[in-house]
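A.B. asks: Going by full-length UniProt numbering, the first residue of the first sequence is number 1, and it counts up by one from there. Idealized CB from N, CA, C, for every residue including glycine.
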Amino acid sequence: MPEGHSVRRLARQFGDVFAGRRLAVSSPQGRFSGGAALLDGHTLLTAEAHGKHLFLHFDNSLVLHVHLGLYGAWSFGGDRTFTGASSIGAPRRVGEQEAFADGDDDADAAYAGPPAPVGAVRVRLASSHGWADLRGATTCETITAAEAEAVLARLGPDPLRNRRGDAGRFAANLQRRKTPVAALLMDQKIIAGIGNVYRAEVLFRLRLHPWLPGSAVPDTAARKLWRDVVALMNDGVADGRIITTPPKYWTLDGTTAAKAAAVGLPVPARSSSFPSREDAHFVYKRHGLPCRVCRTVVLMADLAGRNLYWCPQCQQE
DNA sequence: GTATAATGGTCAG
DNA sequence: TGACCCTTATACG
């Protein structure tokens, strides 16, 4: 997925293009026809992200709750006032970033409404000036505000909110368990929004052994971990991509700011360039390659059904 | 064409 | 721990 940074960007985009708009809501695929009917013709008030959960609040006090899961993605389109990404969600290749519209379309063509749905579109939202299609989500449901609150109650602190006391709550959540820290970081009750890429990368950046029990993580390390996740995920929101390596590790074939602007990609937020796919991570999907820091071969192992990547030299207990 | 992977989560046992 | 759900792009016959 789509880790927390993507969902945050989605909430922002829905707010930007659809808030205050009356929406036609349908389920071309048919699997969500009932839920869509409850929202059809209503106005979107706000869009919120909590961890990996997206909540779209409508003027009849119902909420569209979406969790992209492993494969889910939204695609967008519309007239010239309809800005932002053309697709956000499950990447199909490692390090893939959001797709943006070409921008070379015939400028005077009037907006003719959404195209015929392609593939299995679970839900389509359409205003008078644009549309959004959802495919492959693990959760797509129409719920009440109270039910939305219940979903939130099950989530741990969200690094992209970073509210007062969250670092301490996160540290306590970690230290209460003997489970390996690498598994705890994926538990949304412990911390909400981290996925398989951020967990591998942040453990490397803190030089933490993945199998270290949560109870053995010192308070200072837990708080440093929280701060690093906050910083990395905020970068992810700005970049529209997960980049965990600093520029000193980037080779010259990445996307430059000029190149990005020319193609309509987001302009690199933190530097004069984006790294290439290969340079964006320290260990994620780099098993069999030399560690960027110590040249030891990066390893991969199955931990609770997901692939974990780490450097056995840099990350010792 | 058919298989497989992919940045998730839930439920049963 | 394992089975299962969701969808699509890519790799491989």
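Inspect the beta-carbon positions of residue 49 and residue 11 and report whether they are closer than 7 Å.
C.D. replies: The residue labelled residue 49 in the question sits at position 49 within the first sequence. The residue labelled residue 11 in the question sits at position 11 within the first sequence. Taking 7 Å as the Cβ cut-off, residue 49 and residue 11 qualify as a contacting pair.
A.B. asks: Going by DSSP, name the residue or residues bridged to residue 48.
C.D. replies: Here residue 48 refers to the residue found at position 48 of the first sequence. In DSSP, residue 48 forms a bridge with 55.
A.B. asks: Please classify residue 52 as buried or exposed, where buried requires at least 16 other C-beta atoms within 10 Å of its C-beta.
C.D. replies: To locate residue 52, count along the first sequence from 1; it is residue 52. Buried, because 16 or more other Cβ atoms sit within 10 Å of the Cβ of residue 52.
A.B. asks: Short of 6 Å in beta carbon distance, which residues of its chain neighbour residue 101, apart from the five on each side in sequence? Order them along the chain.
C.D. replies: Taking the first residue of the first sequence as 1, we reach residue 101 at position 101. Excluding sequence neighbours, residue 101 sits near 86.
A.B. asks: Please classify residue 315 as buried or exposed, where buried requires at least 16 other C-beta atoms within 10 Å of its C-beta.
C.D. replies: Indexing the first sequence from 1 puts residue 315 at position 315. Buried: at least 16 other Cβ atoms inside 10 Å.
A.B. asks: In three-state DSSP terms, what is residue 81?
C.D. replies: Here the question's residue 81 lines up with position 81 in the first sequence. The answer is coil: DSSP assigns residue 81 none of H, G, I, E or B.
A.B. asks: Note the first and the last residue of the continuous alpha helix (DSSP H) segment covering residue 233.
C.D. replies: Counted from its first residue, the first sequence places residue 233 at position 233. Where residue 233 is concerned, the enclosing alpha helix (DSSP H) stretches over 219-239.
A.B. asks: Indicate whether residue 280 and residue 95 have their beta-carbon atoms separated by less than 7 Å.
C.D. replies: Position 280 of the first sequence, counting from 1, holds the residue named residue 280. Position 95 of the first sequence, counting from 1, holds the residue named residue 95. Yes. Within cutoff.
A.B. asks: Which residues bound the beta strand (DSSP E) around residue 33?
C.D. replies: Taking the first sequence and counting its residues from 1, the one referred to as residue 33 is at position 33. Per DSSP, residue 33 belongs to no beta strand (DSSP E); it is in the alpha helix (DSSP H), 33-39.
A.B. asks: Going by Cα to Cα distance, which pick from 303, 214, 310 is closest to residue 200?
C.D. replies: As a first step, residue 200 must be located in the first sequence, where it is residue number 200. The option with the nearest alpha carbon to residue 200 is 310.
A.B. asks: For the segment 216-226 against the segment 167-181, do three or more pairs of beta-carbon atoms, one drawn from each stretch, fall closer than 8 Å, so that the two count as touching?
C.D. replies: The segment 216-226, when compared against the segment 167-181, does touch it at the 8 Å Cβ threshold.
A.B. asks: Measuring straight from C-alpha to C-alpha, what distance separates residue 216 and residue 184?
C.D. replies: On the first sequence, residue 216 is found 216 positions in, with the first residue counted as 1. On the first sequence, residue 184 is found 184 positions in, with the first residue counted as 1. About 12 Å.
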